[in-house]
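Going by the UniProt record's numbering, the sequence shown opens with residue 1, and the numbers climb by one from there.
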Amino acid sequence: MSVILFAFVVRVRDGLPLSASTDFEHNRELQQRKQQIKTISKALARFPDRGTIKGQELNIYFVSSEGVSYMTVCHCSLPVAKAFCFLEDLRWEFTACFKSTVVALAARPYPFLEFDSIIQKLKQQYNHSGGPALEVTLAEVQEELRIHPPQVINLDEVELTNGTANGHMEQGPGSGQNQRLEPVTAPGILSLILNIMCASLNVIRGVHLMEYTFQDDYESIWNVVAFLLAFACCVFQCHLYLFHSSLKKLKCFTLLSVIVLCNLHLLGLRNAWQLLFHVSVASLSTVLILTRKVQDRTSDCGV
């Protein structure tokens, strides 16, 4: 039985795949682990040099060095030290074949597919002989792991913190690029236009009132604050509709409440129809923000 099933070489800074082993197994868990490796590769910059992700029967191990990460999927029966020996051998072979400048300049996925043959040889060596030929190397790795054990990574945390801009979910240094917001609808475009109109009216009235407030009537300063605060809330509502954000519901209702309070404060400067218009636009925007859902994107999990 093969204990090392898959190997993957990736650039740390952006998760660009550099090379991968060819496998012919259709194990369902293996396909899941391969997909998870790609998720983890987008967040490697946040992790230490060594890490482990445990599964039911298959575990993921990785080692990062000089801007490149070497990752593998192994059967849980394989000792951890031997898995990291395999990764160290893989690292040594890769650095012997490709200079760091070549790796840094790579622009397309899998530019070093010829390295697959070396990965296959290493896999066969470990799968057939049960580990590295040099016991000294194994002992050194065991000692290093005892002193500096690899971090056990919770994959759920990686997936939740990943994300992207421009309608994708928010992320850290890595990315949850597999999800984005649904397309903008016609009512959504209308709400954006109305929100921009309300924001413009608020900032124009606020700046105009500010000139007189600083000259004569300092007591009207709170009216200026109300206009400018309502302007900021309108702009932020547009942002919430266009981009995914955490705590979206809380932010939506907070913005709506502030807009309503600001307009109530401006009751003497606006008539009932004007107040109704501003509050209605804010309410429409709130509804559309909350109903614009996140949609899944199909991941390309094949290698």
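By construction, the Cβ of each residue, glycine as well, lies at the ideal position given by its N, Cα and C atoms.
For Asn27, no beta strand (DSSP E) segment is defined, and its DSSP state is neither H nor E. From the listed residues Ser2, Leu250, Gly206 and Ser220, the smallest Cα separation to Ala230 is found for Gly206. With distances taken between CA atoms, Gln120 lies nearest to Ser2 out of Asn263, Ser2, Tyr241 and Leu256. In the structure shown, Ser246 falls within a coil segment according to DSSP collapsed to helix, strand and coil. In the structure shown, the three-state DSSP call for Leu78 is coil. Secondary structure at Ala43: coil, using DSSP grouped into helix, strand and coil. In the DSSP secondary-structure assignment, Tyr126 is not bridged to any residue. A Cβ-Cβ separation of about 19 Å leaves Gly51 out of contact with Glu29 under the 8 Å criterion. Boundaries of the alpha helix (DSSP H) harbouring Val102: Ser100 to Leu105, taken from the DSSP string. Shown here for Gln237: same chain residues with a beta carbon closer than 6 Å to its own, the five before and five after excluded, namely Asn195, Leu255 and Ser285 in chain order.
Taking one beta carbon from each stretch, the segment 110 to 124 and the segment 5 to 22 have 3 or more pairs nearer than 8 Å; the two touch. For the set Ile147, Glu182 and Tyr61, the Cα lying nearest the Cα of Ile4 is the one of Tyr61.
For Leu275, the closest alpha carbon among the candidates Thr185, Arg292 and Phe227 is that of Phe227.
Put simply, the backbone Cα of Gly268 is about 30 Å away from that of His239. For the pair Leu264 and Glu182, the Cα-to-Cα distance works out to about 34 Å. Judged by DSSP secondary structure, Leu290 falls outside any beta strand (DSSP E) and instead within the alpha helix (DSSP H) spanning Ala272 to Thr291. Between Phe8 and Asp23, the C-beta gap is not smaller than 8 Å, which leaves the two residues out of contact. For the pair Ile153 and Ile53, the CB atoms are nearer than the 8 Å cut-off.
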